[in-house]
Amino acid sequence: MKSERGMGFLALIFSIIVISIFVAFSIYLIRLDNIVRDKFEGQRWDIPAKVFARPMEVYVNAPVSLQDFQQELKLLGYKNSDSYTKSGNFVTTGNTLYVHTRGFDFGDRVEPEQILKVSFSGEQIAEVSATKPSSSGIARLEPLLIGGIYPQHNEDRVLIKLNKVPKPLIEALIATEDRKFYEHHGVSPRGIARAVVSNITGGKRQGGSTLTQQLVKNFYLTPERTLKRKVNEAFMAMLIELHYDKNEILEAYLNEVNLGQNGNYSINGYGLASQFYFGLPLRELNISQQAFLVGLVQGPSLYNPWRNPESAKKRRDIVLNNMLVMGYLTQEQYEKETARPLNVISKPTLGPARFPDFLDIVRRQLRTDYQETDLTNQGLRIFTTLDPLAQTRIQDSFKETVARLSKSNPGRLKDLQGAVLVSHPENGELVAAVGSTQDFTGFNRAVDAKRQVGSLLKPVIYLSALESNRYHWASPIEDSEISIKSDGKTWTPKNYSGRGHGVIPMSQALSQSYNLSTVRLAQEFGLSTFINHLKKFGVTSDIPSYPSIYLGAVDMSPMEVMNIYGNFATGGFKYPTKAIRSVVDANGRSLDRYSLSVQPTIDPASAYALNYGLQEVMSNGTGRAAYNSLPRSLNLAGKSGTTNDSRDSWFAGYSGNYMTVVWLGLDDNKVTGLTGS
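Under this note's numbering, the first residue of the sequence shown is numbered 78, with each subsequent residue one higher.
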């Protein structure tokens, strides 16, 4: 009896242990199942906001030359080919260009993939025909991706749908990474056994992970190499296979897998990798390029095509051989694809490095309307005002000019810095921005550099005279010595030449930038009138109330100067400078349209008269040297500015539908010896 009771007790203990293990294992599986389903069925990824340049609009009489059109296509990654049957290709015949566009969803309208025939005459489009014409008569190319706004974990991706993925890429992936993908249930006992044997016997180290396990490892788990993590990986892979079909799993894998590094940002998914390595959409890659991307799965750093091109090519060829073995390629196709070079682009163009100063301005404007989380994980698309052709030319020209000046006086100008802003004054749209002569360091001089502006503010004084109706450009004014007492001190301005010029026409005083006559005129209307004008025109910096501000002894940024001159260029209207046109969410809904905000600031007659005076500055005054390199037909209007001891050199001007502000100086505020003119 005692023995039977002992056996019964042991059986009870054993049953309790078994039940406890079963309950614990069930709880463990339920917890894993919740983790799997919550993330897989929720928002799987934080998708950074993508920032785009303006799209090129194609219509009759558009001011676009053949060369500009070709350059735009090249920036977008189009190929100059002998055929345009496939999207992303164009053919040029004389003054006519045929292009097979890619199509793009702008939110307000989907631009279809189509073939455009565009003929050019000089600097404009003469004729356009389209296979899918719009009622407006305007076709748009897709906009250039210029950057993104990234989450703190530094991942980037472009989501793709499985039905948009080229079949050869799927075949290459299956042949190389998981040949039994469509047969197993998340794990492959045979694959695990093969890897264990190979690793134990000292053969080439192998992994036994299926695509599903790789997805789990990247999507849910940390990269630590522990038994616990491997067990979790196996069970989570089986749970994913239980709940979701193979196509859902494969699509998630294609968007999750890590395929490289762009500075601080990881390149995740084949959609972004295609752009990163080849500058092309995934669907435009040939089989060789698709095989290369698949080969990166085993080691993006090891097979980096820029650092290790030979290793990258060998790995690509292994993938192509796997496709041959599996019957996805014929021998002829295999030989053709292995004979191709890698053909990666010379330098990655993704990320914030393309036009960083402009992108910085976009970020600032966005953050007045959106939270940081909206910008880093909601997949927003930001359509900006940037003209990539203008930006590229201005950026290159500015840096070349600064380099030439620095070389001319390496002792004084070795660290010469500067900024350039270009906009369309009629709507305030920023076209281009350069905030440094070097790569972006976080200090954007186009908006952050506050420097004295010199003679740039003189037109505001002459505007007061014109608005009073007591003066016109032929009015005689005196250019002679003057002293002004302020706060117990006496200020005595001087002309650049050191002497006065007697009684002169008011137009001469502005065009030759005489200080004495300008200060005399300013005193007639007073400091308060001058300061009120500046604030009305868009200056937000503190403006000191002492008379030397008449001659620009006030710190302003290039952006503030642009705001002032925008009032002149528009004939008396203030359009706040903007870098964003619209914001569209991940579902194509337009969230915000940054519409025109117009405010009248100057009487039209006075604005017209002021423009005449600023044109005289450029034609016969201190700005006349500009016409040494520009045609007279431009009718430039503008003003240069130079501060005391030539520490800062400025120019602000406009013609037609473009306005430009340029600043040059040293960050330590030392003398440059340069003048604005």
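For each residue, glycine too, the CB sits at the ideal point set by N, CA and C. Since this is a predicted model, take the numbers as computed values, not measurements.
Run of the alpha helix (DSSP H) containing residue i, from where it starts to where it stops
i, result
"His549", "Looking at the DSSP string, His549 is not in any alpha helix (DSSP H), and its letter there is neither H nor E."
"Phe602", "Asn592 to Phe614"
"Gln692", "Pro681 to Asn697"
"Pro125", "Looking at the DSSP string, Pro125 is not in any alpha helix (DSSP H), and its letter there is neither H nor E."
"Gln455", "Careful: Gln455 lies outside any alpha helix (DSSP H) and carries neither H nor E."
"Glu637", "Pro635 to Ala646"
"Asp394", "Pro386 to Val402"
"Gly348", "Tyr347 to Phe355"
"Thr415", "Gln408 to Thr415"
"Pro433", "Pro433 to Leu443"
Terminal residues of the beta strand (DSSP E) in which residue i lies
i, result
"Leu498", "Gln494 to His501"
"Ile716", "Rather than Ile, the amino acid found at residue 716 in this sequence is Lys. Residues Ala714 to Thr719."
"Arg458", "Arg458 to Thr461"
"Glu215", "One detail in the question is off: residue 215 reads as Ile in this sequence, not Glu. Taken as a continuous stretch (DSSP letters only), Ile215 belongs to no beta strand (DSSP E), as it is neither H nor E."
"Thr478", "Premise fails: Thr478 lies in the alpha helix (DSSP H), Pro465 to Ser485, not in any beta strand (DSSP E)."
"Phe728", "Asp725 to Ser732"
"Thr289", "Careful: Thr289 lies outside any beta strand (DSSP E), inside the alpha helix (DSSP H) at Leu288 to Phe296."
"Ala368", "That residue, Ala368, is in no beta strand (DSSP E); its alpha helix (DSSP H) goes Ile364 to Gly372."
"Glu506", "Glu506 to Val511"
"Arg658", "Ile657 to Val661"
"Ala252", "Counting along the chain, Ala252 falls outside any beta strand (DSSP E), though it belongs to the alpha helix (DSSP H) covering Lys244 to Glu254."
Same chain, Cβ closer than 6 Å to residue i, five either side skipped, listed in chain order
i, result
"Gly280", "For Gly280, the predicted model reports a pLDDT of 48, less than 50, meaning its position is unreliable; a value from the coordinates is still stated below. No residues qualify anywhere along the chain."
"Arg576", "none"
"Pro382", "Ala389, Leu419 and Val421"
Residues near residue i in its chain [Cβ-Cβ closer than 8 Å; skip 5 each side]
i, result
"Phe91", "none"
"Ile471", "Val497, Val499, Ala509 and Val511"
"Ile559", "Thr569, Pro570, Leu593, Val596, Arg597 and Gln600"
"Ala551", "Pro582, Met583 and Ser584"
"Leu683", "Rather than Leu, the amino acid found at residue 683 in this sequence is Ser. Answer for Ser683: Leu540, Leu543, Glu544 and Gly649, listed in chain order."
Burial state of residue i (16 or more Cβ within 10 Å)
i, result
"Glu412", "exposed"
"Glu260", "exposed"
"Gly512", "buried"
"Leu466", "buried"
"Leu304", "exposed"
"Ser212", "exposed"
"Arg217", "buried"
"Ser206", "exposed"
"Ile93", "exposed"
"Leu379", "exposed"
"Glu544", "buried"
"Phe102", "exposed"
"Asn640", "buried"
"Gln266", "As written in the sequence, residue 266 is Pro, which differs from the Gln given in the question. Burial call: exposed."
"Arg481", "exposed"
Nearest neighbour of residue i, chosen from the options [CA to CA]
i, options, result
"Ser286", "Tyr297, Phe258 and Ser160", "Phe258"
"Pro245", "Val128, Asn398 and Arg267", "Asn398"
"Phe197", "Ser158, Ala139, Arg234 and Leu673", "Ala139"
"Thr749", "Glu328, Lys163, Ser483 and Lys151", "Ser483"
"Gly346", "Tyr136, Pro386 and Lys238", "Lys238"
"Val135", "Ile104, Leu193 and Thr162", "Leu193"
"Tyr297", "Ser574, Gln338, Asp446 and Val113", "Val113"
"Met400", "Phe369, Ala656 and Glu506", "Phe369"
"Leu713", "Leu691, Gly199 and Val631", "Leu691"
"Arg441", "Ile657, Gly505, Ser343 and Ala249", "Ile657"
"Gly742", "Pro635, Thr445 and Ala88", "Pro635"
"Arg384", "Glu414, Tyr447, Asp110 and Gly337", "Gly337"
"Gly199", "Gly224, Gly214, His177 and Gly171", "Gly171"
"Ser625", "Phe607, Ser674, Asn664 and Asn640", "Phe607"
"Ala702", "Phe728, Pro377 and Asn688", "Phe728"
"Val660", "Ala88, Leu443 and Ser423", "Leu443"
"Ile364", "Val396, Lys562, Gln589 and Gly488", "Val396"
Same chain only: Cβ atoms within 7 Å of residue i, ignoring 5 sequence neighbours per side
i, result
"Lys209", "Pro189 and Gln191"
"Tyr161", "Phe167, Val168, Tyr175, Val176, His177 and Ile192"
"Leu359", "Ile237, Val242, Pro243, Tyr347, Gly348 and Ser351"
Distance cut-off 7 Å: residue i Cβ against heavy atoms of the ligand FMN
i, result
"Thr595", "The ligand FMN is not part of this structure, which contains no ligands at all."
Is the region 568-583 close to the region 545-559, with three or more CB pairs under 8 Å?
-> When C-beta atoms of the region 568-583 are compared with those of the region 545-559, three or more pairs fall below 8 Å, so the two segments count as touching.
With contact counted as at least three CB pairs below 8 Å, one residue from each stretch, are the region 392-408 and the region 181-189 in contact?
-> Because the criterion of three Cβ pairs below 8 Å is not met, the region 392-408 and the region 181-189 do not touch.
Does the region 516-534 come close enough to the region 489-503 to have 3 or more Cβ pairs within less than 8 Å?
-> Cβ pair count under 8 Å is three or more, so yes.
Within the chosen definition, does the region 527-537 reach the region 707-725 through at least 3 CB pairs nearer than 8 Å?
-> Contact holds: three or more Cβ-Cβ distances are below 8 Å.
When the Cβ atoms of the region 647-658 are set against those of the region 672-685, are three or more pairs found closer than 8 Å?
-> Touching, per the Cβ criterion.
State whether the region 700-717 contacts the region 725-734, with contact taken as three or more CB pairs (one from each stretch) at a distance under 8 Å.
-> Short answer: they touch.
Any chance the region 350-361 sits against the region 318-328, with 3 or more Cβ pairs inside 8 Å?
-> Two segments are said to touch when three or more pairs of C-beta atoms, one from each, lie closer than 8 Å; by this definition the region 350-361 does not touch the region 318-328.
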